[in-house]
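First comes the structure, then the notes that go with it.
Protein chains: 2
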Amino acid sequence: MAKSGKNPTINDVARLAGVSKKTVSRVINRSALLSEDTRTKVEAVIGQLGYVPNPQARALALRRNFLLGLLHDNPNAQTVLKVQEGVLDAIRDTEFALVVRPVDRHSPTMLDDIRRFLEQQRLYGVLILPPISENDALAQLCLEMGCGYVRMGSAMLDDADHMVASNDREMVEAAVDHLIALGHRRIALIEGPEGFRSAFERREGFLAAMQAHGLDVPPEARAQGNYRFESGLAGAGQLLDAPTRPTAIFASNDEMASGAFHAARQRNLRVPDDLSIIGFDDSPIAAHIWPPMTTVGWPVREMGRAAALKLIAPGDKSASQSRFPAQLVKRQSVAAPKA
Amino acid sequence: MAKSGKNPTINDVARLAGVSKKTVSRVINRSALLSEDTRTKVEAVIGQLGYVPNPQARALALRRNFLLGLLHDNPNAQTVLKVQEGVLDAIRDTEFALVVRPVDRHSPTMLDDIRRFLEQQRLYGVLILPPISENDALAQLCLEMGCGYVRMGSAMLDDADHMVASNDREMVEAAVDHLIALGHRRIALIEGPEGFRSAFERREGFLAAMQAHGLDVPPEARAQGNYRFESGLAGAGQLLDAPTRPTAIFASNDEMASGAFHAARQRNLRVPDDLSIIGFDDSPIAAHIWPPMTTVGWPVREMGRAAALKLIAPGDKSASQSRFPAQLVKRQSVAAPKA
DNA sequence: AAAGCTTTTGACACCGGTTTCCTTTTTCGC
DNA sequence: GCGAAAAAGGAAACCGGTGTCAAAAGCTTT
Numbered sequence: 075m076a077k078s079g080k081n082p083t084i085n086d087v088a089r090l091a092g093v094s095k096k097t098v099s100r101v102i103n104r105s106a107l108l109s110e111d112t113r114t115k116v117e118a119v120i121g122q123l124g125y126v127p128n129p130q131a132r133a134l135a136l137r138r139n140f141l142l143g144l145l146h147d148n149p150n151a152q153t154v155l156k157v158q159e160g161v162l163d164a165i166r167d168t169e170f171a172l173v174v175r176p177v178d179r180h181s182p183t184m185l186d187d188i189r190r191f192l193e194q195q196r197l198y199g200v201l202i203l204p205p206i207s208e209n210d211a212l213a214q215l216c217l218e219m220g221c222g223y224v225r226m227g228s229a230m231l232d233d234a235d236h237m238v239a240s241n242d243r244e245m246v247e248a249a250v251d252h253l254i255a256l257g258h259r260r261i262a263l264i265e266g267p268e269g270f271r272s273a274f275e276r277r278e279g280f281l282a283a284m285q286a287h288g289l290d291v292p293p294e295a296r297a298q299g300n301y302r303f304e305s306g307l308a309g310a311g312q313l314l315d316a317p318t319r320p321t322a323i324f325a326s327n328d329e330m331a332s333g334a335f336h337a338a339r340q341r342n343l344r345v346p347d348d349l350s351i352i353g354f355d356d357s358p359i360a361a362h363i364w365p366p367m368t369t370v371g372w373p374v375r376e377m378g379r380a381a382a383l384k385l386i387a388p389g390d391k392s393a394s395q396s397r398f399p400a401q402l403v404k405r406q407s408v409a410a411p412k413a
Numbered sequence: 075m076a077k078s079g080k081n082p083t084i085n086d087v088a089r090l091a092g093v094s095k096k097t098v099s100r101v102i103n104r105s106a107l108l109s110e111d112t113r114t115k116v117e118a119v120i121g122q123l124g125y126v127p128n129p130q131a132r133a134l135a136l137r138r139n140f141l142l143g144l145l146h147d148n149p150n151a152q153t154v155l156k157v158q159e160g161v162l163d164a165i166r167d168t169e170f171a172l173v174v175r176p177v178d179r180h181s182p183t184m185l186d187d188i189r190r191f192l193e194q195q196r197l198y199g200v201l202i203l204p205p206i207s208e209n210d211a212l213a214q215l216c217l218e219m220g221c222g223y224v225r226m227g228s229a230m231l232d233d234a235d236h237m238v239a240s241n242d243r244e245m246v247e248a249a250v251d252h253l254i255a256l257g258h259r260r261i262a263l264i265e266g267p268e269g270f271r272s273a274f275e276r277r278e279g280f281l282a283a284m285q286a287h288g289l290d291v292p293p294e295a296r297a298q299g300n301y302r303f304e305s306g307l308a309g310a311g312q313l314l315d316a317p318t319r320p321t322a323i324f325a326s327n328d329e330m331a332s333g334a335f336h337a338a339r340q341r342n343l344r345v346p347d348d349l350s351i352i353g354f355d356d357s358p359i360a361a362h363i364w365p366p367m368t369t370v371g372w373p374v375r376e377m378g379r380a381a382a383l384k385l386i387a388p389g390d391k392s393a394s395q396s397r398f399p400a401q402l403v404k405r406q407s408v409a410a411p412k413a
């Protein structure tokens, strides 16, 4: 059944089946108003010819195409790829395809670049990954361009419209509760970068949990990080060198948490005996460092799938939000503090 | 300059500029046969209207679209993403976009699925990442479907046609030479899975280096892995429990190498004092475990870029190959063996 | 058997570009 | 100033689908 250069068109099918283009079109689109006879007849020809409708022609006629876009500036490769898988999962057996577009958050022309991208590609809709998903101007741009969008994030944005979010805050609370339940009292925080919603949410969760248990969080128990390994290393160093050393550290992501592992090692502190550490993301590194890290995992793939489904859901264009539960993944970086 | 719902078309431009569609088309395509006058006049209208040609219409008329595909089944998220970035780099400022399509190597319907995908999307061309890029049937399929393709890989395939490859074999040789130069004699290998070209190349490089120095590689100095963390853990365990323990291990990728780190730790062996370890890939984990791992890095991003450029290069459809040098990234998991 | 419905089908315009081919205008040699 | 060649621009067809609307066919009903 090898192709002989050119693909058959709807005209070829129509001619061979002895019907009109329109009828073939009806068969393709499973129109109800068709006799069983013609349907089977046309389907036979389609099968014989190996006819597949030309997506570009369809897109033109329908004035919409079947391309979903993924806008991301996420430094975590695993997360991005998981989302891609989730989306692919959602659009399997549909005619949709997924176009990726990394964006550079720091570029001053970022918005213009994306505008050009959207103009040029005329996507059906886009998924926006955090942290760039927190950019309201971007969402606004999509709106302007008439491009559907769904934002993924770590919390519902106040004016959230089309959003798929996890519940970072509660999960961090749960993680810190876990530490407190084990007997930890001096628990330190390595924050994510200023201006990131996820960093904000995780910090708030941390502080809420501490406060709920009447525990104080002095300034020397808080370090500022930027989600990178080095900042975790430096931040943890700072925390561990403070006069009253914490017995546990929560880091706002795994990469910084793994920096904290190194900082501990450099000071001859053993994890978890001398220091408990909890990260966030459940990235591969969490499972692969020693000891395996307790961390908070969020269902990235599922969220990607849900976001894509929401995007391609027929009809329902109303604003809507969905929440996805994150989950504490207990491994071996946490223990009760030594008396 | 907000859009008012509908995008302007070539007709709108033509009407406003008082010229024919064709003339506008000429302007867009920078046709040479145009007076300077009309060109500037039309360009003014284009700018004023914010006109951008409809890609679907263009694709239909030109009988080819501007979509590149990325076929991959690579377990290493970082690698896949780097390639994506490289491709995006190459197609920046062109009208191309990148469509991703993870494939499941183990699915019996894999080839049919991809055929359907190619039929449906009519891509301009595809990049194929290893290890699936080693599948000749897949390349054959692309050929049949009239879809351009470039394969990426760890070595030139014998019948390689459109290929961008690194030089895994030589680089592993260099890495092992490095170990030998430091005084290691009992060097063990954790292999990648059977049937993977990269695993083959890396093994051959390893054996070649050992042989070149007259060093023996007994069976108990070779472990079979599958590129996963656990297999590295198990394989290294096996190697380290052998009667004559190796002083150094080369693992066919970083994930297995990090498994080897754990295996060492479980046996109270210190890296690099008691055991040197070298991995392959220069994945993020290599930099983030303790101690930071010496590994072989290959220029994934550059290769992705080159592959994309090759795909969209006008005219030249002749088979061609390019090689990209990998590089030994020295960190702290290697030291001279203890006397 | 004619009238009236419903179901099935086709002719034709259209989506927004490009290509082919032809006409009009300009330029230039003599 | 004239004819020919070159340059500039336009009309209409085309790419491969879908939407509209009316015609044709099939089925009741009286």
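Order-wise, the sequence lines are chains A and B. For the first sequence, the working numbering gives the first residue as 75, with consecutive numbering after it. For the second sequence, the working numbering gives the first residue as 75, with consecutive numbering after it. Glycine included, C-beta positions come from ideal geometry on N, C-alpha and C. The model shown is predicted, which means the values in this text are computed figures rather than measured ones.
Identify which residue in 123(A), 360(A), 258(A) has its Cα closest to the Cα of residue 369(A). 360(A)
Using a Cβ cut-off of 9 angstroms (strictly closer), state whether residue 370(B) contacts chain A. no
Residue burial classification, residue 166(A) (beta-carbon count within 10 angstroms, cutoff 16): exposed
Beta-carbon proximity list for residue 404(A), same chain, < 7 angstroms, skipping 5 on both sides: Cβ within range, chain order: 368.
Can residue 323(A) and residue 264(A) be called in contact, C-beta distance under 9 angstroms? yes
So what does residue 296(A) bridge to, in DSSP terms? 263(A)
Which bits of chain B does residue 126(A) rub up against, with CB to CB less than 9 angstroms? 190, 193, 194, 196
Please confirm whether residue 291(B) has its beta-carbon closer than 9 angstroms to some beta-carbon of chain A. no
Note down, in chain order, every chain A residue with its Cβ under 8 angstroms from the Cβ of residue 158(B). By Cβ distance, chain A contributes 174, 176.
Can you tell me which of the three DSSP states residue 355(A) falls into? strand
Assigned exposure category for residue 292(B) - 16 Cβ within 10 Å defines buried: exposed
Identity of the residues DSSP links to residue 394(B) by a beta bridge: Beta-bridge partners of residue 394(B) (DSSP): 236(B).
Sequence-distant residues of its chain with Cβ nearer than 7 angstroms to residue 410(A) (five each side left out): 256, 257
Which word fits residue 18(A), buried or exposed, when buried means at least 16 other C-beta atoms lie within 10 angstroms of its C-beta? Lying outside 75 to 413, the shown extent of chain A, residue 18(A) is not represented and no answer is given.
Name the chain A residues that come within less than 8 angstroms of residue 162(B), Cβ to Cβ? 174, 175, 176
May I ask you to list the residues that DSSP assigns as paired with residue 369(B)? 353(B), 403(B)
Secondary structure, alpha helix (DSSP H): runs of 4+ residues fully inside the stretch 139–224 of chain B: Counting only runs of 4 or more, we get 151–165, 184–195, 210–218.
Under 8 angstroms: do the stretch 195–211 of chain A and the stretch 173–180 of chain A share three or more Cβ pairs, one atom per stretch? yes
Under the three-state reduction of DSSP, which class applies to residue 282(B): helix, strand or coil? Three-state DSSP puts residue 282(B) in a helix.
Round the Cβ separation of residue 349(A) and residue 321(A) to the nearest angstrom and send it over; I've been treating them as touching at under 8 angstroms. 7 angstroms
Does residue 81(B) get closer than 9 angstroms to chain A when you measure Cβ to Cβ? yes
If we count the other Cβ atoms within 10 Å of its Cβ and call it buried at 16 or more, is residue 190(B) buried or exposed? By the beta-carbon neighbour count (other beta carbons within 10 angstroms, threshold 16), residue 190(B) is exposed.
So with CB distances below 7 angstroms, who are the chain A contacts of residue 211(B)? Correct list: empty, because the minimum Cβ distance to chain A is about 14 angstroms.
Is any beta-carbon of chain A found at less than 9 angstroms from that of residue 154(B)? yes
Which word fits residue 205(A), buried or exposed, when buried means at least 16 other C-beta atoms lie within 10 angstroms of its C-beta? buried
Would you please state the rounded distance, in angstroms, between the beta carbons of residue 306(A) and residue 283(A)? I believe it to be under 8 angstroms. Contact flag wrong, Cβ pair sits at about 20 angstroms.
In chain B, what lies closer than 7 angstroms to residue 332(A) by C-beta? 362
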